[in-house]
Structures are given as C-alpha cells and as structure tokens.
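Shown next, in structure tokens, is the structure this report addresses.
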Amino acid sequence: MLLSDFKPALHLFLTALHSRKVSYALTSDLTNVPEFVAVYMVDDVEIIHYDSNKKRAVPKQDWVNNVTEDDPNYWEKRTERMKGNHLSFKAIVESGLQRLNSRGGRHVVQAILSCDWDDETDEVNTFVKFGYEGEDFIYLDLTTQTWIAQSPQAVVIKEKLDNDKPLFTYFQNYLTLQCPDGLKKFLNYGRSSLMRKDLPSVSLLQKTPSSPVTCHATGFYPDRAQMFWKKDEEELHEDVVRGEILPNHDGSFQMSVDLDLSGLKDEDWGRYSCVFQLAGGQEDVLTPLDKRVILTNWRSDEGERHSFS
Numbered sequence: 001m002l003l004s005d006f007k008p009a010l011h012l013f014l015t016a017l018h019s020r021k022v023s024y025a026l027t028s029d030l031t032n033v034p035e036f037v038a039v040y041m042v043d044d045v046e047i048i049h050y051d052s053n054k055k056r057a058v059p060k061q062d063w064v065n066n067v068t069e070d071d072p073n074y075w076e077k078r079t080e081r082m083k084g085n086h087l088s089f090k091a092i093v094e095s096g097l098q099r100l101n102s103r104g105g106r107h108v109v110q111a112i113l114s115c116d117w118d119d120e121t122d123e124v125n126t127f128v129k130f131g132y133e134g135e136d137f138i139y140l141d142l143t144t145q146t147w148i149a150q151s152p153q154a155v156v157i158k159e160k161l162d163n164d165k166p167l168f169t170y171f172q173n174y175l176t177l178q179c180p181d182g183l184k185k186f187l188n189y190g191r192s193s194l195m196r197k198d199l200p201s202v203s204l205l206q207k208t209p210s211s212p213v214t215c216h217a218t219g220f221y222p223d224r225a226q227m228f229w230k231k232d233e234e235e236l237h238e239d240v241v242r243g244e245i246l247p248n249h250d251g252s253f254q255m256s257v258d259l260d261l262s263g264l265k266d267e268d269w270g271r272y273s274c275v276f277q278l279a280g281g282q283e284d285v286l287t288p289l290d291k292r293v294i295l296t297n298w299r300s301d302e303g304e305r306h307s308f309s
C-alpha cells in the first residue's frame, strides 16, 4: 500500500503485512558478472544469496542459520536446489530468446516471485513477473490463468506460456502453498528481528520562519507506518505534503510530512499535532505543533541561530 495513495483515519489499526520475494537474474556475455544470481527476501530484508560463481547458498542475516535447528542439511539442500533453478531458468530464457530471435549477445532477464501474507486475515496475494533488458516484460495472472504481455515483444512469448500448463501448475503451487509456508517459517526463525516494533524519534524541523514545518520520524520498524497532521481531532488534507518512507542504513526507516503555516494564526498553533502510527496496534506518537521545539539552521542577519521560541 503506497502511503501517497492512502488517506488515513485517526487511530487506524494498520494491518501487519509480511512478504517473501525471490528474484532471479540471468545475464549473458557480461564480464565479471555471475551468469545467475538468486536473492531471497523476507519483509524486504535479504536473507539468502546465491550466485553461479560461488555456487553456494549463503545466509545474509545471522538469525537465518536458525533453520538448521530443524534441518541440519538445509544449506546443502538449498545450494543444490539453486543449481537446479539456475539450469531450469536458463532453459526457459533460452527458449524465449529463440522465439524472439535474440540468441547470442548480451542479455539480462529477471524473474520475481512474491507472496504477501496478512497475519490478521490470513489473506495471501501473489505475483510472478519477468523483466527483459531492464524493462517489464510479462506477468502471470493466476485468476485467469493467463500471461499478460507488457511489451510488444512479449506477445510471441505469451502464446507459448499460456499453453504450458505444467509451468502454470508449478507457479500456482509455489505461490499459493510453498511461498506463504516458507514465509511463515522464516518469520518464526527471525521473530526477534522481523517481528519487532520500534517506534521512532520525532522532530519538528523548519528551514526559515516562512517555510513549512516538517514533522520527521526516524528509527521506526517495520516500514508499515503512516504519519499525518491533525487539527483538533480532524486529519488535515490541505496544506500538507507527505514524503515517502525511506530506509536508514541500520535497517530502520524514516518518513516526513510537511505542514504549510502561511495561513495559520498564532493562537491556533496549539490545535495542531503531528501523528505517527505504526502497524501492529502501537500507541500513536503525538507531537504538538510548538514553536519552542522546532529545530532550524536558519540564522538572522546578525548571524544568530534561532529556534523560534
């Protein structure tokens, strides 16, 4: 759910949505680049990496090794599976390139298989899509059991894929059964990290006395959060600009929302607050609009730094 497309209600309970994503990339005739790379992610955190140069599946988070408690030979099995996936993916790609009359030369083909699981409703949403030369190419519609071409070149591939029932059955079983089951297992292994709820530190920032006030939240986790300005108990939609949720270097996230003060009377400042909400039913973080706590780098003509107190 994109924050820019969402109009939050006050005290909204945000659903905790979890995701598992597998991405494959196959390249040809590129120097110092592995022919095949596979990346496994849970909740946008890379957990497993494999490439055809090293020929070994490796954990990218310490907690991922917890999987060996239930399966001591997990990494050997995962490595062999990745070698098989490399060959299978390569065969699919070469067949497609032959239909496109594009065999030989440099090519980059990507595939993404993903499932999202709502831990409140148990609803699962899935997708599988292919990219070609860095552009969207074709994706599978599980509902209609057909492939949807996203470029003119993909039309000739669509007919072949639509008639490949075993391939459809494989993707259907993986996306609806294996993917969500694996997601739940890894969420359990990484519970202390992936299921944590970290509230942010919130600051009010302003460049100059005439600039909008920015409510900035940083250090929260997960990234399923929203922030908005309210007047009294009513959410504001006018004179407000929401920013995107961005990652921090430590794995946490940050976001901001601006409030235009140009039409605001001094006596009304106390009626405004910035509200931060995190998925999972945490208490709202409320930050009243207060001149005394606004941080700024603005200096007056005399060189004095101001905090607008």
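When you line the sequence shown up against UniProt numbering, it's residues 1 to 309, in that order.
Every residue gets a Cβ at the ideal spot worked out from N, C-alpha and C, and that includes glycine.
If you draw a straight line from the Cα of S114 to the Cα of A16, it is about 17 angstroms long. Scanning the stretch 170-238 from its first residue to its last, the whole alpha helix (DSSP H) runs of 4-plus residues come out as 179-189 and 191-194.
Every unbroken stretch of the beta strand (DSSP E) spanning 3 or more residues and falling wholly within the stretch 121-153 is given here in chain order: 124-132, 135-141 and 146-149.
Using a Cβ distance threshold of 8 angstroms, V42 and F186 count as a contacting pair. Between S151 and F137 a beta carbon distance of about 6 angstroms is seen, short of the 8 angstroms cut, so the two are scored as contacting. Boundaries of the alpha helix (DSSP H) harbouring K160: V155 to D162, taken from the DSSP string. Here DSSP, grouped into helix, strand and coil, assigns V33 to coil. Considering only L167, T296 and P34, the residue with the shortest C-alpha distance to A91 is L167.
L100 carries a coil assignment under DSSP once its states are collapsed to helix, strand and coil.
Between the stretch 162-182 and the stretch 44-58 there are fewer than three inter-stretch CB-CB distances shorter than 8 angstroms, so the stretches are not counted as touching. Sequence-distant Cβ neighbours of N53 in its own chain, meaning closer than 6 angstroms and more than five residues away, are P34. Within the same chain, T214, H216 and G243 come within 6 angstroms of S256 by CB-CB distance, once the 5 residues on both sides are set aside. The distance from the Cβ of W63 to that of S193 is about 6 angstroms, consistent with a contact at the 8 angstroms cut-off. Considering only T121, Q226 and L259, the residue with the shortest C-alpha distance to Q282 is Q226. Bounds of the beta strand (DSSP E) holding T287 are V285 to P288. Counting only residues of its own chain and dropping the five nearest sequence neighbours on each side, A111 has a CB closer than 6 angstroms to the CB of Y24 and F130. In the DSSP assignment, the residues bridged to F253 are F220 and P247.
H86 sits buried, since 16 or more C-beta atoms from the chains shown fall within 10 Å of its C-beta. Per the C-alpha coordinates, the member of S203, W229, P209 and E267 positioned closest to Q254 is S203. If you check the CB distance, S201 and K230 do not come in under 8 angstroms. Exposed is the label assigned to D71, since fewer than 16 other Cβ atoms lie within 10 Å of its Cβ.
Judged by their CB atoms, A57 and T31 are not nearer to each other than the 8 angstroms cut-off.
Ranked by how close their Cα comes to the Cα of R191, the residues W269, P222, D122 and R106 have P222 in first place. Annotation: the continuous beta strand (DSSP E) that includes K21 extends over L17 to S28. Comparing C-alpha distances from D290 to each of L205, T121 and D119 shows the shortest one belongs to L205. K160 sits away from A149, with the two beta carbons spaced by 8 angstroms or more.
Assignment of R242 by DSSP, reduced to helix, strand and coil, places it in the strand class. Minimum Cα-Cα distance from P247 among the listed residues F220, L236, S95 and E238 corresponds to F220.
When the five nearest sequence neighbours on each side are left out, the beta carbons in the same chain lying within less than 6 angstroms of the beta carbon of G96 are those of I157, in order along the chain.
The continuous beta strand (DSSP E) containing A111 extends over residues H107 to D118.
When K184, T287 and Q61 are compared, the shortest CA-CA separation from W269 is found for T287. In this structure, DSSP gives P166 a helical state, which the three-state scheme calls helix. In this structure Y189 does not touch N101 by the C-beta definition: roughly 46 angstroms separates them, more than the 8 angstroms allowed.
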